[in-house]
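S.K.:
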Amino acid sequence: MNHFSKLSLSLALALAAFGVNAATIKIATLAPDGTSWMKEMRASAETIKTKTEGRVELKFYPGGVMGDDATVLRKIKIGQLQGGAFTGGEASVITKDAEVYTVPFLFRNQEEVDKVRAKVDPLIKESFRKNGFELLGISGGGFAYLMSTRELKTRDDLKSAKVWVPQGDEIAAATFKAAGVTPIPLPLSDVYTSLQTGLIDTAANTTAGAIAFQWHTKIKHVADLPVIYVVGELAVDKKAFDALTPADQKVLGDEIGGAFDRIDKLARSDNASARTALQQQGITFTAPSEAERKNWEAVGAEANKQLAAGGAFSPEVQKALDASLAEARGGSSK
Numbered sequence: 002m003n004h005f006s007k008l009s010l011s012l013a014l015a016l017a018a019f020g021v022n023a024a025t026i027k028i029a030t031l032a033p034d035g036t037s038w039m040k041e042m043r044a045s046a047e048t049i050k051t052k053t054e055g056r057v058e059l060k061f062y063p064g065g066v067m068g069d070d071a072t073v074l075r076k077i078k079i080g081q082l083q084g085g086a087f088t089g090g091e092a093s094v095i096t097k098d099a100e101v102y103t104v105p106f107l108f109r110n111q112e113e114v115d116k117v118r119a120k121v122d123p124l125i126k127e128s129f130r131k132n133g134f135e136l137l138g139i140s141g142g143g144f145a146y147l148m149s150t151r152e153l154k155t156r157d158d159l160k161s162a163k164v165w166v167p168q169g170d171e172i173a174a175a176t177f178k179a180a181g182v183t184p185i186p187l188p189l190s191d192v193y194t195s196l197q198t199g200l201i202d203t204a205a206n207t208t209a210g211a212i213a214f215q216w217h218t219k220i221k222h223v224a225d226l227p228v229i230y231v232v233g234e235l236a237v238d239k240k241a242f243d244a245l246t247p248a249d250q251k252v253l254g255d256e257i258g259g260a261f262d263r264i265d266k267l268a269r270s271d272n273a274s275a276r277t278a279l280q281q282q283g284i285t286f287t288a289p290s291e292a293e294r295k296n297w298e299a300v301g302a303e304a305n306k307q308l309a310a311g312g313a314f315s316p317e318v319q320k321a322l323d324a325s326l327a328e329a330r331g332g333s334s335k
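Numbering (my numbering), first residue to last: 2 to 335.
#1: Please report the distance separating the alpha-carbon of residue 354 from that of residue 302.
#2: What's the call for residue 110, buried or exposed, on a 16-neighbour Cβ count within 10 Å?
#3: Going straight from the alpha carbon of residue 145 to that of residue 174, what length do you get?
#4: Using only the alpha-carbon positions, how far apart do residue 163 and residue 133 sit?
#5: Rounded to the nearest angstrom, how far is the Cβ of residue 42 from that of residue 260, given a contact under 8 angstroms?
#6: Name the one or two DSSP bridge partners that residue 86 has.
#7: Put residue 1 into one of helix, strand or coil per three-state DSSP.
#8: Straight-line CA distance for residue 325 to residue 116?
#9: Which residue's Cα is closest to the Cα of residue 45: 321, 31 and 60?
#10: Using 8 angstroms as the Cβ pair cut-off and three pairs as the minimum, do the region 261 to 274 and the region 179 to 188 touch?
#11: Quick one, which of 245, 107 and 209 has its alpha-carbon nearest residue 33's?
#12: Would you check if there are 3 or more beta carbon pairs closer than 8 angstroms linking the region 48 to 58 to the region 22 to 31?
#13: Ends of the beta strand (DSSP E) at residue 185?
#14: How many Å lie between residue 156 and residue 64 at the Cα?
#15: Count the other C-beta atoms from every protein chain shown that fall within 10 angstroms of the C-beta of residue 288, then say buried if there are 16 or more, exposed otherwise.
#16: With DSSP as the reference, please indicate the residues paired to residue 286 in a beta bridge.
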């Protein structure tokens, strides 16, 4: 073998070795491009590519171009995608524990959320792992509020409204039904058009989310009462994750985890700014009476009680949720 042939063979072997270890992880999300979320994800992808010396590359598909959550999960199953960013309700197809934070009217404030998440987040990650996914990050998007084309002051106002709930989110649907509200389940991607056509007139979102998805152009009123705590969860197929070297797995987990921590903080300031922007646009925020607020909190407490009795979540997650929420309220979860 001459010198040139040896050099060619060495180069071919080197490239082959690189190819075995290199991985492109394709991730779909409904988050529009240009949002704080996507900016953080793209920045993290660059850092991951650099730190792994090109062995791990993340490619994002924002704005729902890969379809709704059900379509994304099908594409992950056949290997067309390796991961997706989901809300808690959407990820419930992977594990019911994914939507433990989304029980309507469960939390009263951010302090309660922070204390509960410190105990429950690790258990949710383990639940994803048991179901074939590696959960790389959980971020809080903030509280969702009921936004409508009509004024919502009481539960009776809501009973006559056409209220959207995320498709597949059985917990939200059951809670609203228990409160005398008949919800309309739709994919998140259909909400804007449905507000436009009148199929629905009321939907819950964070203030920043309402602007990001352009819902603010259709709504006129916001009920100033936290309804659901919104979480975003980025999960990848465990087979794709396990194919990486342990060192590259650590880089991926650390960088995405760090990005989600930053997104958590950004969401709070983004929601505050968005609230101001909505008010400046003329959208009214109407606070319920104290009696009405307690009424809705009782609905949330009863929903959580029934979910626990029905085994909606794993025993470990339910126990941690109840204990940490009680601790946050000084010993009582009522």
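Glycine is no exception: its CB is placed at the ideal position from the N, C-alpha and C atoms.
M.R.: Considering the structure as presented:
#1: Since the displayed the chain opens at 2 and closes at 335, residue 354 lies outside it and no answer follows.
#2: It is exposed - the Cβ of residue 110 has fewer than 16 other Cβ atoms within 10 Å.
#3: Taking the CA atoms as reference points, residue 145 sits about 15 angstroms from residue 174.
#4: C-alpha separation (whole angstroms): 37 angstroms.
#5: That belief holds up - the Cβ atoms of residue 42 and residue 260 are roughly 7 angstroms apart, short of 8 angstroms.
#6: For residue 86, which the question treats as bridged, DSSP gives the partners 235.
#7: Nothing can be reported for residue 1: it is not among the residues displayed for the chain, which extend from 2 to 335.
#8: Between residue 325 and residue 116, the C-alpha separation is close to 7 angstroms.
#9: Of the candidates 321, 31 and 60, the one whose C-alpha sits nearest the C-alpha of residue 45 is 60.
#10: Too few Cβ pairs lie closer than 8 angstroms, so no.
#11: Measuring from the Cα of residue 33, the nearest candidate turns out to be 209.
#12: Output reads yes: the region 22 to 31 touches the region 48 to 58.
#13: Segment 184 to 187, the beta strand (DSSP E) holding residue 185.
#14: C-alpha separation (whole angstroms): 34 angstroms.
#15: Under this definition residue 288 is an exposed residue.
#16: Answer by DSSP bridge pairing, in chain order: 223.
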